[in-house]
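Shown next, in structure tokens, is the structure this report addresses.
Protein chains: 2
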Amino acid sequence: MPTVIVSTIELPEKAKELLRDYDVVLYELPRLGKEELASALSRAEVLMCWCGREFDLTRSINSMPRLRVIQTFSAGVDHLPFPVIPSNIEVYSNAGAYSVPVAEHAWAMILTLAKGLHRPVLNAREYLGNEITSPRRIIESTLLVLGTGGIGLEIARIGKEGFRTHNIGINRSGRPTEYFDEVYPTNQLLDALPRADIVAIALPLNKYTKALVSEKELKALKHGAIVVNVGRGDVVKEEDLYKVLKERQDIRFGTDVWWMHDGHEEIPPMTPLTTLPNFLGTPHIAGGAQREIAEYAMIRAVENVIRYLRGETPMNKVSISDYV
Amino acid sequence: MPTVIVSTIELPEKAKELLRDYDVVLYELPRLGKEELASALSRAEVLMCWCGREFDLTRSINSMPRLRVIQTFSAGVDHLPFPVIPSNIEVYSNAGAYSVPVAEHAWAMILTLAKGLHRPVLNAREYLGNEITSPRRIIESTLLVLGTGGIGLEIARIGKEGFRTHNIGINRSGRPTEYFDEVYPTNQLLDALPRADIVAIALPLNKYTKALVSEKELKALKHGAIVVNVGRGDVVKEEDLYKVLKERQDIRFGTDVWWMHDGHEEIPPMTPLTTLPNFLGTPHIAGGAQREIAEYAMIRAVENVIRYLRGETPMNKVSISDYV
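Chains as they are written, first to last, in the numbering used here: chain D, 87 to 410; chain H, 87 to 410.
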């Protein structure tokens, strides 16, 4: 019997070709009528999803009695409705699919902020004398990366190889990782923060990382620190960030990720963060920039599903207990 | 007899310490009264200078009959009044003193422009759909560097090691240089331009480089090219740049250096360049950002003068025929 795969989006030709070697039936939801949809869901063993506004998993999960695997196209899975997902379903993320463009965006924000390019003025004295724009040297500075997964690793690599940074990593266990000179477990974050010239947040959002960076952590930052967040908005506490950035003009903060309210990312955010001169924001575009990136991410998700079809262990298994 | 050195600016303590091992008398002009000044100039064998508005070399050169060496604190020497400098005087530049911060600034402008951070909007569809801001991928792109001296080399190194760029260099002779995969002489610039995703201009201004990048060169740029200039403004022809940037919104151009009018850098420039959405400008601050950078540059200049004191060959001898 063929394995029935349902994808919430249309897949690129290259991804479909990969599936042709296997005994599968693929349904792409945007191509289906209402009746075909119900039938496809009822037969689905694998769901490949962008489970956002286009596809409401909470409403559909009961229509998929044969579902065994959820493979996301996104790197993060914090948006999934874990409480309604039956425990016999395995969830796999697409972590790593966006590492390179997101790490590039992180470095673009770091350098923009470090050199004052977020608020350039054409008067040299004013540019150099203003705490908001005065250029900071990058080479041989200390880079602290929160999260040593695919994105964090690539941020560390660019720092180390491009700018000879001294790299400190934070992850759950404190296990050593390539491109990091030192790694500590999350509970030592407060000790590491005052040492960093640059802080890059590349953590997934789960119950361990939610509001990990709050007032105490932000106040522990070194004078003149540059901080960027390309993980998830809610790793940082929004109100605390606004308060500390307003008080400490020496800190420059850039983010591509925002805070969730009523199930969606609120842009602009609830606080007047975007009015602060030491704040730089982009609307969650680091990973989804180009067609080629999206295509690569979809192919990567299909490759992971193929591991399942072959009876191998797919990558990026999500530990549901991290989220509920 | 001690060697008399005149510096147009006060030197940092560290630089003066270096001179204590030699038989020298050092005069720092800001510390002198009018009569002492005349006496110091009349005895000067070495002039260390910022020959800008603070010290007018054209007016003072005749007061320095014993002058043998001019050592600049600046990396470029295009501002020196070469026609009035007697041919028995040797001129040494401070090329390389600012390579690291200027290369960092070049990369900051490249990444700012590549990721649309010069004009960020908070609507993702608008951000990704607009030719002015849509993010460009950096990794493995082709980087063309005009000028393979200290700054150009460091720009190429950051590209190669940080972002795995394919590096093409342009210099006068086409001689191979570290961190460059290919190097061509200046007369092959037009062949190289259409291949480059990123172009960095790091050339000194002299009679060979003036207006080297004009309408023909700018029109030869690849669709979507990112161009930054950290050399000298007049290497690019201002009117042509304005014309081409206005026509081709796909090109994004950043500059830290501007065009000379009546002996000084005109900021903002004569054309309305700074109003264009695909233009990013900073007021010549890449090299002079921090006290530590200025101090390092002054020490480096003193070290070069010490080579002269020891009878060694100083570095960065300026070939005056490049300028007159």
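Backbone N, C-alpha and C define an ideal beta-carbon position, used for all residues, glycine too.
CB contact check: residue i to chain H, cutoff 9 Å
i                 : result
Ile244 of chain D : yes
His350 of chain D : no
His165 of chain D : no
Pro363 of chain D : no
Gly319 of chain D : no
Val231 of chain D : no
Lys201 of chain D : yes
Arg338 of chain D : no
Thr295 of chain D : no
Thr228 of chain D : no
Ala383 of chain D : no
Glu99 of chain D  : no
Run of the beta strand (DSSP E) containing residue i, from where it starts to where it stops
i                 : result
Glu114 of chain D : 110–114
Gly255 of chain D : 252–257
Thr158 of chain H : 155–158
Ser93 of chain H  : 89–93
Leu105 of chain D : Taken as a continuous stretch (DSSP letters only), Leu105 of chain D belongs to no beta strand (DSSP E), being part of the alpha helix (DSSP H) at 99–105.
Leu133 of chain D : 132–135
Glu121 of chain H : Counting along the chain, Glu121 of chain H falls outside any beta strand (DSSP E), though it belongs to the alpha helix (DSSP H) covering 120–129.
Glu176 of chain D : 176–178
Candidates the options, of which the one nearest residue i by Cα
i                 : options                                : result
Leu115 of chain H : H:Glu264, H:Glu381, H:Phe141           : H:Phe141
Ser128 of chain D : D:Val110, D:Asp109, D:Ile95, D:Val90   : D:Val90
Leu166 of chain H : H:Pro290, H:Leu298, H:Glu325, H:Ile353 : H:Pro290
Pro169 of chain H : H:Arg145, H:Gly182, H:Ser179, H:Gly317 : H:Arg145
Asn292 of chain H : H:Lys329, H:Ala311, H:Met346, H:Tyr265 : H:Met346
Gly202 of chain D : D:Val110, D:Gly215, D:Ile175           : D:Gly215
Ser179 of chain D : D:Leu133, D:Arg211, D:Met195           : D:Leu133
Thr295 of chain H : H:His191, H:Gly162, H:Leu143           : H:Gly162
Val188 of chain D : D:Pro98, D:Ile371, D:Pro221, D:Glu389  : D:Ile371
Cys135 of chain H : H:Leu118, H:Thr158, H:Leu208, H:Glu122 : H:Thr158
Val110 of chain D : D:Lys120, D:Glu121, D:Ala126           : D:Ala126
Val410 of chain H : H:Ala194, H:Ser173, H:Gly236           : H:Ser173
Ile224 of chain H : H:Ser259, H:Thr198, H:Pro280           : H:Thr198
Val92 of chain H  : H:Ser160, H:Ile196, H:Leu104, H:Ala124 : H:Ala124
Ala101 of chain H : H:Ala380, H:Ser405, H:Ile406, H:Pro221 : H:Ala380
Arg243 of chain D : D:Glu324, D:Ala192, D:Gly373, D:Pro221 : D:Ala192
Val388 of chain H : H:Gly138, H:Ser160, H:Glu122           : H:Ser160
Asp107 of chain H : H:Glu240, H:Arg396, H:Ser407, H:Ser405 : H:Arg396
Gly138 of chain D : D:Ile171, D:Asp164, D:Val313           : D:Asp164
Nonlocal neighbours in the same chain, by C-beta distance under 8 Å from residue i, ignoring five residues either side
i                 : result
Ile256 of chain H : Leu230, Val231, Leu232, Gly233, Thr234, Val269, Tyr270, Pro271, Thr272, Gln274, Leu275, Ala278
Pro206 of chain H : Tyr213, Thr219
Gly352 of chain D : First, the residue type needs correcting, since residue 352 of chain D is Glu and not Gly in the sequence shown. Only Trp344, Trp345, Met346 meet the Cβ criterion.
Arg281 of chain D : Thr228, Leu230, Ile254, Lys308
Met384 of chain H : Ile95, Leu97, Pro98, Ala101, Phe159
Residue range of the unbroken alpha helix (DSSP H) whose run includes residue i
i                 : result
Val188 of chain H : 185–200
Thr144 of chain D : 143–146
Within-9 Å CB hit, residue i to chain D
i                 : result
His309 of chain H : no
Trp136 of chain H : no
Val186 of chain H : yes
Pro358 of chain H : no
His252 of chain H : no
Trp345 of chain H : no
Leu366 of chain H : yes
Cβ-based neighbour list, residue i, same chain, cut-off 7 Å, excluding 5 preceding and 5 following
i                 : result
Val363 of chain D : One point to set straight first is that residue 363 of chain D is Pro, not Val, in the sequence displayed. For Pro363 of chain D, where only same-chain residues beyond five positions count, the Cβ hits under 7 Å are Arg205, Ile218.
Phe365 of chain D : Leu331, Phe339, Leu359
Arg152 of chain H : Arg129, Ala130, Glu131
Asp336 of chain D : Glu217, His309, Gly310
Gly245 of chain D : Leu229, Thr251, Asn253
Pro354 of chain H : Thr360
Arg386 of chain H : Asn180, Ala183
Lys305 of chain D : Val330
Ser259 of chain D : Pro271
Residues near residue i by beta carbon distance below 6 Å, same chain, minus five either side
i                 : result
Glu96 of chain D  : Glu114, Pro116
Thr341 of chain D : Asn315, Gly367
Asp283 of chain D : Ser227, Thr228
Pro400 of chain D : Tyr178, Asn390, Arg393, Tyr394
Val155 of chain D : Val132, Glu176, Tyr394
Pro88 of chain H  : Asp109, Val110, Val111
Leu208 of chain H : none
Cβ-heavy atom distance, residue i to the ligand NAP, below 8 Å
i                 : result
Thr263 of chain D : Only the bare structure without any ligand can be found here, which leaves the ligand NAP out of the picture.
Exercise for review: Identify every run of the beta strand (DSSP E) within the stretch 292–374 of chain H, keeping only runs that are complete inside it and at least 3 residues long; order them along the chain.
Suggested key: 312–315, 338–341, 345–347, 350–352, 365–367
Check your understanding: Whole beta strand (DSSP E) runs in the stretch 207–294 of chain H with 3 or more residues, listed along the chain?
Key -> The stretch 207–294 of chain H contains these whole beta strand (DSSP E) runs: 228–232, 252–257, 268–271, 284–287.
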